[in-house]
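Counting from 4, one number per residue, gives the positions in the sequence shown under my numbering. Here the structure comes first, spelled out in structure tokens, and everything after it is commentary.
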Amino acid sequence: MSIEILMNVTPHETRVAVVENGVLQEVIIERERRRGLVGNIYKGKVSRVLPGMQAAFIDIGLDRAAFLHASDIAQAGEAETHSDNITHLLREGQEVLVQVIKDPLGTKGARLTTHITVPSRFLVFTPEVFHAGVSLKIEDELERRRLKDVMSVLMHGAAGGYIARTAAEGVPIAALRADTEFLNKLWESISERSAAARAGEIVHEDLPLVMRILRDVVDGEVEKLRIDSRRATRRVSQFAEQFMPELAARVEHYPGERPIFDLYGVEDEIQKALERKVHLKSGGYLIIDQTEAMTTIDVNTGAFVGHRNLEETIFKTNLEATQTIARQLRLRNLGGIIIIDFIDMIEEEHKRQVLRSLQKNLERDRAKSHITEVSTLGLVEMTRKRTRESLEHVLCEPCPVCSGRGTQKTPETVCFEIFREILREARQFDAQQYLVLASQEVVDILLDEESTSIAELEEFIGKPIKLQVESLYSQEHFDVVMM
């Protein structure tokens, strides 16, 4: 598989595109004013303990208090002293070292943990938790055993344990030892800053996106990392030479006049990823709707009629949809609860194959997901780990006209609201005449289909009604002015 990573870097925004076999699979955007917080470590102060929710709100110096659940609190001591009661673990005013595991999403504050982890290229350091772990994505049992043995040796004298990341597979012990030395020094520095920090102060900030990509995304499969900024290219090259020398040769500057995202068609794909409708090659399509509670994906056959029978047509459409759904989940960064409404299938084997195909297509996704069986209603429920805002939430905001509903009242509905408002005012106030200010579409209907209704209303209230177009008014917006 051919994988390229493209970086579009400006002073205010960094955009990263992951392109696999010429097809955009993932977009990560970081804006200087709204940098992600995941991985940052803060000296927090407990502002409120909520026994009913088994959670606490922690002040870490942000606009909104962050959320810490009892299950995310590290506890020292033996298993028998372990408590799930938040009131036994925290008290108001207490200072606590916390790490962000989820960015603020919508109206919710950041999600925190006291299980601090510090990642490097090959390892994740777990302070005060003396355990050697291996990424589940490393499946070879011999390699898993080797890594555990190596880390057990490297843990001697350390202030915690280590988890081998996927990138550690096949890495020699010398490189792993270098990582542990780096992590130990970094943790010493974090501990010193933590001791001196005041409540609400940041103790450790994660790397900026251009560096994080090298640490978290770039692996042996990535052929090139192309960056359109000379300065950013120098920084990334220096970082790679220092920490990942095997990747340094793959970093290159893109000097072309044509924007790098235009060259690879990324801009067009980003625009498509903001639309509800996603077309399938066969002629079928998906409808993707994001709500506060969940994301729903509806699969439709559309123009695809197949060549054999209806069940075969449905099966092939659903099978094709699994590949597109997996890509769209990554591309749009959809997380939380996701409900997929596949076209109803009769044969159980077809259902099993569709589920297997969905699971297989999600294997390359770095975000963890869990898929259930097809329900009695023909729905597939799944969850995908969400740590940052979706692409739509980063790039868009609710429509000021429809307030995010996606629909607006018809001109006819607005006309009837205007009639009711005039009647309401006529009963309460004594006016000489009424002036209706509304959009062109509404005024057109009042002058045409509803002209008789206007005349009857004028006769009923005994006052003239004048109409005036306001070009800046939306279709739902109107005013009735007494004169």
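Ideal Cβ placement from N, Cα and C applies to all residues, glycine included. Since we're looking at a predicted model, the values are computed, not measured.
query	result
Under the three-state reduction of DSSP, which class applies to M493: helix, strand or coil?	Here the chain has residues from 4 to 486 only, and residue 493 is not among them.
Got a sec: is the Cβ-Cβ distance from E395 to anything in chain B below 7 Å?	In the structure shown, chain B cannot be found, because there is only a single protein chain.
Under a Cβ-count criterion, where at least 16 other Cβ atoms within 10 Å of its own Cβ denotes burial, should V446 be classed as buried or exposed?	buried
Give a yes or no on whether the C-beta atoms belonging to K469 and L426 are separated by under 7 Å.	no
Tell me the rounded alpha-carbon separation between Y257 and S232.	7 Å
Runs of 3 residues minimum, wholly inside the region 51 to 131: which ones carry the beta strand (DSSP E) assignment?	58 to 62, 69 to 72, 98 to 105, 114 to 116 and 126 to 130
Could you work out which residue in T116, M158 and T117 is closest to G136 when comparing CA atoms only?	M158
Could you check if H353 is buried or exposed, using at least 16 other CB atoms within 10 Å of its CB as the buried criterion?	buried
Smallest Cα separation from R226: which of S378, I8 and G203?	The question names Arg, but residue 226 in the sequence shown is Glu. Among S378, I8 and G203, the Cα nearest to that of E226 is on I8.
Could you give the DSSP three-state label for R279: helix, strand or coil?	coil
On the CB-based measure, 16 or more other CB atoms within 10 Å of its CB, does G381 come out buried or exposed?	exposed
Is the separation between the beta-carbon of N303 and that of G287 shorter than 7 Å?	yes
Give the C-beta separation of A202 and E278 to the nearest angstrom, bearing in mind that I take them to be a contact with Cβ-Cβ under 8 Å.	At roughly 45 Å, the Cβ-Cβ gap does not stay under 8 Å, so A202 and E278 are not in contact.
When you compare each of E462, C418 and E395 to D451 by their alpha carbons, which one comes out closest?	C418
Looking at the unbroken alpha helix (DSSP H) that takes in H353, where does it start and where does it end?	E351 to N364
Identify whether L186 lies in helix, strand or coil by the three-state DSSP scheme.	helix
Out of A434, L71, D87 and E479, which has the shortest C-alpha to C-alpha gap to Q443?	E479
Is M2 helix, strand or coil when you go by DSSP?	The question about residue 2 has no answer, for the chain in this structure spans 4 to 486.
Look at the alpha carbon of S138 and the alpha carbon of T169, and state the distance between them as a whole number of angstroms.	6 Å
Thinking just about the alpha-carbon of each residue, which of V49, L71 and R67 is nearest to the one in M56?	L71
What would DSSP say about R238, mapped onto helix, strand or coil?	helix
Going by CA-CA distance only, name the one from E23, R51, V12 and I119 that's closest to Y45.	I119
From the DSSP output, in three-state form, read off E195 for me.	helix
What first and last residue would you give for the alpha helix (DSSP H) that runs through Q331?	L313 to R335
DSSP on V439, reduced to helix/strand/coil?	strand
Taking the alpha carbon of A162 as the reference point, which residue from V41, F133 and P107 has its own alpha carbon closest?	F133
Whose C-beta lies closer than 6 Å to the C-beta of D87 among residues of the same chain, with five residues either side of it excluded?	A73
Buried or exposed: E191, going by 16 or more other Cβ atoms within 10 Å of its Cβ?	exposed
Can you give me the C-alpha to C-alpha distance between R335 and L394, rounded to a whole angstrom?	5 Å
Should F463 go down as buried or exposed, given a rule of 16 or more other Cβ atoms within 10 Å for buried?	exposed
For L100, which residues in the same chain have their Cβ closer than 8 Å to its Cβ, ignoring the five residues on either side in sequence?	I44, Y45, K46, G47, T117, I119, S197 and V206
Can you name the start and end residues of the beta strand (DSSP E) that T386 belongs to?	L382 to R387
Can you round the beta-carbon distance between G42 and V127 to whole angstroms, since I take them to be within the 8 Å contact cut?	The Cβ separation is near 11 Å, so there is no contact.
Report buried or exposed for R261, applying the criterion of at least 16 other Cβ atoms within 10 angstroms of its Cβ.	exposed
Taking buried to mean at least 16 other C-beta atoms within 10 Å of its own C-beta, is E83 buried or exposed?	At E83, the pLDDT of 43 sits below 50, so the modelled position is not reliable and the matter cannot be decided from this model.
Would you please state the rounded distance, in angstroms, between the beta carbons of T375 and E384? I believe it to be under 8 Å.	5 Å
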